[in-house]
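Data first, discussion second: the structure below is written as structure tokens.
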Amino acid sequence: MSRSATPITRRRMLAAAALLIVPGCAPTGSPAENSPPHWDYDADGPAHWAQLDGRYSMCGTGAGQSPIDLGHPTRVTPAEHIDIDYGPVRAVEVVDNGHTIQANIPSGTGHHVTVDGRRFTLTQFHFHAPSEHTVEGAGSAMELHLVHVAEDGAIAVLGVLMEVAEQPSAFSPVLGELPPARGSRTIETLDLRALLPGDLAQFRYTGSLTTPPCTEGVAWTVLRHPVPVAGDEVERYLARFPHTNRPAQSANGRAVVLAGG
Ligand SMILES: [Zn+2]
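Shown next as structure tokens:
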């Protein structure tokens, strides 16, 4: 074992441990036995996250933060798509974690994405409103984040923009009835594939969690085409969480690629 291996492994373990206790973009919805420091989208909002706790310093000092504006991407071939392997899932716990509505995927169900040949397992999905990612400054009503974790703790998030439309909404099992405030409810079955658009053209870049601790090194994929959500579902979410979006951060020269667009 090289001399550098131990500190690197330890850093990864610490990063993974920190993520386990933070709701929002973090990979699990573990409740509060190790309560992370308070943060919100109001008085303790995005401009102040870095000052709330030393563990949140990356929110202020990081140069590779998310979300960003996805305008002006570099186009690449469709072969560089990530692969998305989703299907129906049973017994999904939907939680109001105080920051958003989050659905926890039971472990062992095998839903995953493959990014550059590496497998990331879906652990949870949650929502933001309005959208966090923008395209040439334009946002959408909401944004879905599907959070995946690799065996070594690395994170990949799949973002899906949601636009109000007079079409059947695939989100009705989740947003048609919210869990009680700070409570949970279980939905019997949910077809994860139905939450995605038919055309999987995708923006890709390297960023961060969009909530404290704003951990970097996240493999981001944001689908170019939005999916429909019902107007009353958006209103129901906004009545609980009036605004849950971190503003666009500086790209700082990071490349955004558009695959299949
Ligand atoms: Zn998120």
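For the sequence shown, the working numbering assigns the number 858 to the initial residue and increments by one for each residue that follows. All C-beta atoms in this analysis are idealised placements derived from N, C-alpha and C, irrespective of residue type, glycine included. Note that the coordinates shown come from a computational prediction; the quantities given were computed from them, not determined experimentally.
Contact between PRO930 and ASP1048 fails: their C-beta atoms lie close to 29 Å from each other, not under 8 Å.
THR1072 is positioned such that its CB atom lies no closer than 9 Å to that of HIS985. Close CB contacts of GLU1090 within its chain, under the 8 Å cut and outside five residues either way in sequence, are with SER1026, PHE1028, SER1029, LEU1032 and GLY1033 (chain order). The residue from PRO987, GLY1016 and GLU1020 with its alpha-carbon nearest to that of ASN1102 is PRO987. Burial check for THR980: the Cβ neighbour count within 10 Å reaches 16 or more, so the residue is buried. Annotated three-state conformation of PRO963 is coil, per DSSP. Relative to the non-hydrogen atoms of ligand 1, the Cβ of GLU989 comes within a distance shorter than 8 Å of at least one. Beta-carbon to beta-carbon, SER923 and GLN1059 are separated by about 15 Å, too far to satisfy the 8 Å threshold.
For THR1043, the enclosing beta strand (DSSP E) starts and ends at 1041-1048. Within the same chain, Cβ atoms closer than 8 Å to the Cβ of ILE958 are found at VAL951, VAL952, HIS983, PHE984, VAL1031, LEU1032, LEU1035, PRO1036, TYR1094, ARG1097 and PHE1098, the five residues on either side in sequence being excluded. Put simply, the stretch 1070-1086 touches the stretch 909-920. At least three CB pairs are less than 8 Å apart. Per the coordinates, the alpha-carbon of ASP973 lies some 12 Å from the alpha-carbon of TYR1062. For ASN961, the number of other beta carbons within 10 angstroms of its own is at least 16, and it is reported as buried. Within the same chain, TRP906, LEU909 and PRO1069 come within 6 Å of TRP896 by CB-CB distance, once the 5 residues on both sides are set aside.
Within a 10 Å sphere around the beta-carbon of ALA948 sit fewer than 16 other beta-carbons, which makes this residue exposed.
Under DSSP, TYR1062 shares a beta bridge with TRP1077. The stretch 994-1010 and the stretch 1039-1048 do not touch, with fewer than three beta-carbon pairs separated by less than 8 Å. Restricting attention to ASP899, THR934 and GLY911, the CA atom closest to the CA of GLY1117 is found in THR934.
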